[in-house]
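In what follows, a structure is listed as structure tokens, so that the remarks can point back to it.
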Ligand code: I6G
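Numbering (our numbering), first residue to last: 33 to 699.
Structure representation (structure tokens):
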């Protein structure tokens with residue numbers, strides 16, 4: 033069936049509308065998976081009709097080639113900074129100054145906004161299309177991060193229609209940030225991938241925007257609130273309030289907390305109110321911003337050195353305080369990490385009573401030399417656990433001693449293990465009660481045994497009711513165990529049992545990954561699967577020296593694996609899974625190495641084999657399959673109707689072959 037431009041554009045409009053409802057109106061109509069389904073539909077239509085693709089298509093957010101460095105971008109109008117008001121009196125003084133500057137005694141209108149703790153960026157639109165995005169930099173010149181900003185779904189790639197012609201030039205400024213829940217998820221993922229966690233959402237947002245490969249940025253939960261104009265041509269506004277409401281019509285997210293205030297009292301009330309609800313907001317803020325509403329008044333006030341006279345940032349109270357360390361307690365996280373926690377004399381930090389602060393790990397304790405009895409400076413940021421910043425040495429009592437974390441797990445008494453070069457000590461015991469929930473969640477997760485419907489709430493109930501003590505107990509669950517749980521219908525219980533049953537047919541790589549051995553992520557599990565040809569017995573008996581002969585397995589990983597496997601509770605759990613019916617599929621040894629080192633991209637409608645078969649055949653002969661064409665592609669196999677990938681291959685001078693030619697390569 034041939035498809036018209038209007039049909040494909042209708043689908044793009046539909047996706048843009050859903051984005052708008054989600055990010056601007058905060059009123060989504062469809063679920064994430066329904067959105068994904070529409071998105072895939074559009075991807076397919078565009079792949080089949082490459083001539084109907086538009087630059088601002090929602091499918092064009094990701095896919096740009098990685099950069100070798102960022103270009104620079106000079107802002108048409110400098111991105112100024114804000115003067116600070118450190119307390120309520122200074123806010124009132126600002127109001128008095130503005131009134132004096134405008135030679136009036138009457139109340140003035142200000143737009144009051146939260147000050148997000150993120151990164152300021154500038155977005156440039158020409159004739160309604162997003163053409164450039166940059167960081168603030170030094171206010172005059174920033175970095176061109178267009179590709180990365182394009183991946184942020186909250187940023188419109190083209191302006192929505194609002195009954196008026198789009199301005200030929202529109203520069204919008206805003207703050208890119210990572211919401212608190214996204215930050216938690218991101219750090220859980222970092223930990224899973226064995227990468228160091230980000231210190232706070234701001235650092236995570238900064239790191240994400242500084243990626244040269246925008247595909248990485250696309251995986252980060254970045255969002256934006258827009259709040260200011262740069263250069264605009266073709267439209268003007270009488271007030272900031274008008275500007276903000278037009279921003280929303282154009283499709284930009286604007287913070288819903290923004291309010292109009294009219295004098296020093298209402299400014300202070302807004303500031304106090306926002307400070308009180310700071311921790312309950314879904315993103316981090318570090319103060320308030322007040323801006324004169326009328327643009328002609330702003331122009332009359334002008335700027336002073338590098339900040340406008342018409343705006344001020346109200347700073348929140350310090351998030352630091354000093355207190356005394358009563359004790360240091362090792363605590364165990366869901367992933368087995370042993371973290372020392374300082375028990376403190378309760379103290380008020382920025383409005384919250386703090387009794388515990390993290391000391392992170394033994395190295396940190398030694399670096400800061402924190403001892404029981406010390407007076408310490410602590411710091412709180414949002415709802416992140418407070419931390420000890422430093423010891424006030426002048427207040428150290430005479431009889432203190434250096435602190436050393438115990439060598440045993442605080443929950444199960446098993447010896448903790450700290451691989452060389454790592455800062456965190458861990459309990460590797462599969463039956464450690466403090467880790468059971470985390471281990472089960474990992475065991476059933478998508479990349480591991482992929483047991484559908486086995487969510488956090490179910491895990492909580494099963495562990496709390498002692499129906500699961502170690503991961504192998506999952507395979508012992510029966511209908512009665514499940515149906516008697518809270519809010520568990522018969523049908524759901526049956527579905528879960530089926531999912532458990534299905535999960536037993538798995539692979540060596542998935543199972544080994546599911547065990548949650550430190551340093552053994554999804555990729556390394558596949559490496560081990562290849563090396564042991566999927567033989568779990570051989571793996572269980574492998575000595576460190578044998579493991580070290582495997583490509584990508586160094587001495588640290590080898591030691592982690594052998595320590596894990598030398599614990600008989602852990603090997604009992606593995607044996608138990610196998611005796612309860614877990615079966616690991618035979619690993620295909622490559623038929624040949626004919627395609628060794630070669631990367632293939634399959635595009636268009638394949639007629640002689642399916643995409644899955646193409647992947648299997650390629651891998652069986654030692655080759656790799658990629659979804660996108662890049663300079664690393666060796667061959668593009670094109671079926672009928674191939675579109676943009678073919679174009680890209682031609683541009684990059686990559687050989688394009690037919691399905692038959694591909695099959696011939698295997699002979
Ligand atoms: O750094 C800033 C944060 C928030 C701002 C700002 C803002 O408005 C909500 N507005 C201006 C005008 C400037 N910096 C210069």
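Where a beta carbon is used, it is the ideal one built from N, C-alpha and C, also for glycine.
Going by DSSP, residue 53 is part of the alpha helix (DSSP H) stretching over 37-55. Within the region 117-173, the complete alpha helix (DSSP H) segments at least 4 residues long are 120-133, listed from N- to C-terminus. Secondary structure remark: continuous alpha helix (DSSP H) runs of at least 4 residues inside the region 217-297, in chain order: 233-241, 246-250 and 272-282. Residue 582 and residue 652 have their alpha carbons spaced roughly 20 angstroms apart. Within 10 angstroms of the beta-carbon of residue 127 lie 16 or more other beta-carbons, which makes it buried. No Cβ-Cβ contact shorter than 8 angstroms links residue 181 with residue 201. Spatial neighbours of residue 664 in its own chain (CB-CB distance under 7 angstroms, excluding positions within 5 residues in sequence) are listed in chain order as 631. Going by DSSP, residue 359 is part of the beta strand (DSSP E) stretching over 352-364. Assigned with DSSP and collapsed to three states, residue 308 falls in helix.
Judged by pairs of C-beta atoms under 8 angstroms, the region 82-97 touches the region 35-51, as three or more such pairs exist. In this structure, residue 672 places its C-beta atom within 8 angstroms of the C-beta atom of residue 637. Under the DSSP assignment, residue 83 falls outside any alpha helix (DSSP H); it carries neither an H nor an E label. Taking the C-beta atoms as reference points, residue 442 is found nearer than 8 angstroms to residue 362.
Under DSSP, residue 538 takes part in a beta bridge, and its partners are 616. Inside the region 639-684, DSSP marks whole beta strand (DSSP E) runs of 3 or more residues at positions 667-670, from first to last along the chain. One Cα belongs to residue 487, the other to residue 545, and the distance between them is close to 18 angstroms.
Residue pairing for residue 340: DSSP places it in a beta bridge opposite 335. In this structure residue 611 is exposed. Its beta-carbon is surrounded by fewer than 16 other beta-carbon atoms within 10 angstroms. In this structure, residue 97 and residue 662 form a Cβ contact; the two beta carbons are roughly 6 angstroms apart against a cut-off of 8 angstroms.
Taking C-beta atoms as the reference points, residue 70 and residue 46 count as a pair closer than 8 angstroms. Distance check between residue 601 and each of 464, 647 and 481 places 464 closest, using alpha-carbon atoms only. Distance from the C-beta of residue 321 to the nearest heavy atom of the ligand I6G is below 7 angstroms. DSSP places residue 97 outside both helix and strand once states are collapsed to three, so it counts as coil. Per DSSP, reduced to three states, the secondary structure at residue 467 is coil, with no helix or strand assignment. If you keep only unbroken alpha helix (DSSP H) runs of at least 4 residues inside the region 357-428, you get 394-400. For the pair of segments examined, the region 238-250 was found to touch the region 173-191: the number of CB pairs separated by less than 8 angstroms reaches three. When DSSP states are grouped into helix, strand and coil, residue 455 belongs to the coil group.
Membership of residue 558 in the alpha helix (DSSP H) is indicated by the continuous run 554-563.
Annotation: residue 516 to residue 607 spans about 29 angstroms, alpha carbon to alpha carbon.
Counting only the Cα atoms, residue 140 lies some 14 angstroms from residue 344. Residue 202 carries a strand assignment under DSSP once its states are collapsed to helix, strand and coil. For residue 107 and residue 622, the gap between their C-alpha atoms comes out near 55 angstroms.
Boundaries for residue 91: no beta strand (DSSP E) harbours it, and the DSSP string shows neither H nor E there.
Secondary structure note for residue 113: it is in no beta strand (DSSP E), with a DSSP letter that is neither H nor E.
Only buried fits residue 145, as 16 or more other CB atoms lie within 10 angstroms of its CB.
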